[in-house]
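Read in order, the letters of the sequence shown are residues 1307 to 1642 in my numbering. Heads up, the beta-carbon is just placed ideally off N, CA and C, and yes, glycines get one too. This one's a predicted model, so the numbers in the text were calculated from it and none came from an experiment.
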Amino acid sequence: MLRKFTTLYRHIIDEERKYPEATGELSDLLADIALACKIISLEVNRAGLIDLMGITGNENVHGEQVKKLDEYAHDTLVRAMEVSGHLCAIASEESENFIPVKEKFMGNRPMSKYIIHFDPLDGSSNIDANISIGTIFSIYKRVSDSGPGTLEDCLQCGTKQVAAGYVIYGSSTIMVYTTGRGVHGFTLDPTVGEFLLFYENIQIPKRSKTYSINEGNYSKWNQELKNYVDDLKSVDSSRRRPYSARYVGSLVADFHRNLLYGGIFMYPGDSKNPNGKLRLLYEANPLAFIIEQAGGRASDGKERILDVVPLDLHQKTPLFIGSEEDVLELERFLSN
Ligand code: P6P
1307 MLRKFTTLYR HIIDEERKYP EATGELSDLL ADIALACKII SLEVNRAGLI
1357 DLMGITGNEN VHGEQVKKLD EYAHDTLVRA MEVSGHLCAI ASEESENFIP
1407 VKEKFMGNRP MSKYIIHFDP LDGSSNIDAN ISIGTIFSIY KRVSDSGPGT
1457 LEDCLQCGTK QVAAGYVIYG SSTIMVYTTG RGVHGFTLDP TVGEFLLFYE
1507 NIQIPKRSKT YSINEGNYSK WNQELKNYVD DLKSVDSSRR RPYSARYVGS
1557 LVADFHRNLL YGGIFMYPGD SKNPNGKLRL LYEANPLAFI IEQAGGRASD
1607 GKERILDVVP LDLHQKTPLF IGSEEDVLEL ERFLSN
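Okay, structure coming up:
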């Protein structure tokens, strides 16, 4: 039987047709993101062969060493987004401030009704070790009326996202996205240069046997979190204990594995970093949108991630995300 090949673009258009009022702008924007990520994928896969490995000698806004691929991914995405015509503002982990974009018109109809947040190459500290890394993006409708986008357009609650996704550059390049109607995954076929539908309506198992956390920080955790992780490692087959520990140290890789197989990923606040390490707008929010669409849960330990009110473009948040029953159990431990 011939297998139906659905390209990413065909899937996006099919989704768009379910909304009669859709103008096609979001579809075009998602296709522009996919194209930029295909280009980034080429360089990530060649990085070992050309001089894009290693350090630029520069630092990013957070004082972290910026690898050349970080800059390349950022520049590629910014260029693609600026010419797309659908954005009034671009916010990136690699930019201290957001980039306002001049409004474009189709005839006399204003375009540029979206804003985007992205982490251009998350996990980049793993580049030299050939560990999977990824691009994460989050799209909102603008709230300002017209003209270049504003900071208010960029500081919206995660519940306002209209689309979110990531591209993982690993043994294959996979794009996962949602527009609020399920989570869908596509694998890049490099021979034709198309993302082909591989997983439709992904649903994360409600309960897992896997936990992901950097246990090197154990001494800095609060007692409630220590109690939870110690409990995961106890021997109790009636509660599927002990769980297995899986931690790559690359958020997109850990998240993608847990999305498909089930699991809970934790990057908590601790005595040294009360809000943890991960960023709300371009890491936690897009992944939280995806995990809820896949039947999972994402919280900061107390509050739903998507309800957190952002006050700063690079604001950090503790993140507990994955199988719903595991995250709920974690929250019960933290409330003790
Ligand atoms: P740690 C990678 O640098 C990253 O930003 C995420 O991709 C990853 O989940 C996290 O940091 C790992 O941090 O402190 O455990 O090395």
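Original post:
Taking the continuous beta strand (DSSP E) assigned at MET1572, which residues delimit it?
Top reply: On the sequence shown, residue 1572 is found 266 positions in, with the first residue counted as 1. Note, MET1572: beta strand (DSSP E), 1570 to 1573.
**OP:** Return yes when at least one heavy atom of the ligand P6P lies under 7 Å from the C-beta of GLY1568, else no.
**Re:** Within the sequence shown, the letter at position 262 stands for residue 1568. Checking the Cβ of GLY1568 against the ligand P6P gives no.
Subject >> Beta-carbon separation (whole angstroms), ILE1442 vs VAL1558, contact threshold 8 Å >> reply: As a working mapping, residue 1442 is identified with position 136 in the sequence shown. As a working mapping, residue 1558 is identified with position 252 in the sequence shown. With a Cβ gap of about 7 Å, ILE1442 and VAL1558 count as contacting.
**OP:** Could you round the C-beta distance between LEU1383 and ALA1342 to whole angstroms and report it? I think they count as a contact, below 8 Å.
**Re:** The residue labelled residue 1383 in the question sits at position 77 within the sequence shown. The residue labelled residue 1342 in the question sits at position 36 within the sequence shown. With a Cβ gap of about 5 Å, LEU1383 and ALA1342 count as contacting.
Subject >> Which residues DSSP lists as bridging GLY1491, in chain order >> reply: Your numbering for residue 1491 matches position 185 in the sequence shown. DSSP output for GLY1491 lists VAL1482, TYR1505 as bridge partner(s).
Original post:
Which same chain residues, not among the five before or five after TYR1420, have their C-beta less than 8 Å away from its C-beta?
Top reply: Here residue 1420 is taken as the residue at index 114 of the sequence shown, counted from 1. Excluding residues within five positions, the ones whose Cβ falls inside 8 Å are GLU1331, LEU1332, LEU1335, HIS1392, LEU1393, CYS1394, ILE1445, TYR1446, LYS1447, ARG1448, VAL1468.
**OP:** Please determine, among ILE1570, TYR1517, PRO1496, TYR1567, the residue with the shortest C-alpha to C-alpha distance to SER1347.
**Re:** On the sequence shown, position 41 is the one that residue 1347 refers to. Per the Cα distances, PRO1496.
**OP:** Check whether the Cβ atoms of SER1544 and SER1629 sit closer than 8 Å, and answer yes or no.
**Re:** Locating residue 1544 in the sequence shown gives position 238, counting from the first residue. Locating residue 1629 in the sequence shown gives position 323, counting from the first residue. No, Cβ-Cβ distance for SER1544 and SER1629 is not below 8 Å.
**OP:** Under 5 Å from any heavy atom of the ligand P6P, by CB: list those residues in chain order, please.
**Re:** ASP1428, GLY1429, SER1431, ASN1520, GLY1555, SER1556, LEU1557
Original post:
Hey, GLU1409 and GLY1453 are a contact pair by Cβ (cut 8 Å); roughly how many whole angstroms apart?
Top reply: In the sequence shown, residue 1409 corresponds to position 103, counting from 1. In the sequence shown, residue 1453 corresponds to position 147, counting from 1. Yes, they are in contact, since the Cβ atoms of GLU1409 and GLY1453 sit about 6 Å apart, within 8 Å.
Original post:
Among the residues of its own chain, which have a CB less than 8 Å from the CB of ASN1533, if the five just before and after it don't count?
Top reply: Residue numbering aside, residue 1533 sits at position 227 when the sequence shown is read from its first letter. If we look at ASN1533 and ignore the five residues flanking it on each side, its Cβ neighbours are PHE1639, ASN1642.
Subject >> Cβ-based neighbour list, HIS1562, same chain, cut-off 6 Å, excluding 5 preceding and 5 following >> reply: Here residue 1562 refers to the residue found at position 256 of the sequence shown. Counting only Cβ-Cβ distances below 6 Å, and skipping sequence neighbours, we find ILE1474.
**OP:** With a 10 Å radius around its C-beta and 16 neighbouring C-beta atoms as the bar for buried, classify GLY1455 as buried or exposed.
**Re:** Residue mapping note: residue 1455 aligns to position 149 of the sequence shown, counting from 1. The residue is buried, with at least 16 neighbouring Cβ atoms inside 10 Å.
Original post:
How should MET1481 be labelled, buried or exposed, when 16 other C-beta atoms within 10 angstroms of its C-beta is the threshold for buried?
Top reply: Residue mapping note: residue 1481 aligns to position 175 of the sequence shown, counting from 1. Label assigned to MET1481: buried.
**OP:** For the stretch 1413 to 1475, list the alpha helix (DSSP H) runs that are entirely contained and at least 4 residues long, ordered along the chain.
**Re:** 1457 to 1460
Original post:
Going by other Cβ atoms of all chains shown within 10 Å of its Cβ, with 16 needed for buried, is TYR1483 buried or exposed?
Top reply: Indexing the sequence shown from 1 puts residue 1483 at position 177. Classification of TYR1483: buried, given that the 10 Å Cβ count is 16 or more.
Original post:
Secondary structure at PRO1406, three-state DSSP: helix, strand or coil?
Top reply: Looking up residue 1406 in the sequence shown gives position 100. If DSSP states are grouped into helix, strand and coil, PRO1406 belongs with the strands.
Original post:
Where SER1438 and GLY1476 are concerned, what is the direct C-alpha to C-alpha distance, given to the nearest angstrom?
Top reply: As a working mapping, residue 1438 is identified with position 132 in the sequence shown. As a working mapping, residue 1476 is identified with position 170 in the sequence shown. Answer to the nearest angstrom: the Cα atoms are 4 Å apart.
Subject >> Cβ pair count under 8 Å reaching 3, the stretch 1607 to 1617 against the stretch 1514 to 1523 >> reply: no
Subject >> Run of the beta strand (DSSP E) containing TYR1534, from where it starts to where it stops >> reply: As a first step, residue 1534 must be located in the sequence shown, where it is residue number 228. Taken as a continuous stretch (DSSP letters only), TYR1534 belongs to no beta strand (DSSP E), being part of the alpha helix (DSSP H) at 1529 to 1538.
Subject >> Three-state secondary structure (DSSP) of PHE1311 >> reply: Taking the first residue of the sequence shown as 1, we reach residue 1311 at position 5. PHE1311: coil per DSSP, three-state reduction.
Original post:
In this structure, does DSSP put LEU1393 in helix, strand or coil?
Top reply: By 1-based counting over the sequence shown, the position of residue 1393 is 87. In the structure shown, LEU1393 sits in a strand (DSSP, three-state: E or B).
Subject >> LEU1586 and THR1623 closer than 8 Å at C-beta >> reply: As a working note, residue 1586 is residue 280 in the sequence shown. As a working note, residue 1623 is residue 317 in the sequence shown. In contact: LEU1586 and THR1623 (Cβ atoms closer than 8 Å).
Original post:
What do you get for LEU1619, buried or exposed, if any count of 16 or more other CB atoms within 10 angstroms of its CB means buried?
Top reply: Along the sequence shown, one-based indexing puts residue 1619 at 313. Flag for LEU1619 reads buried.
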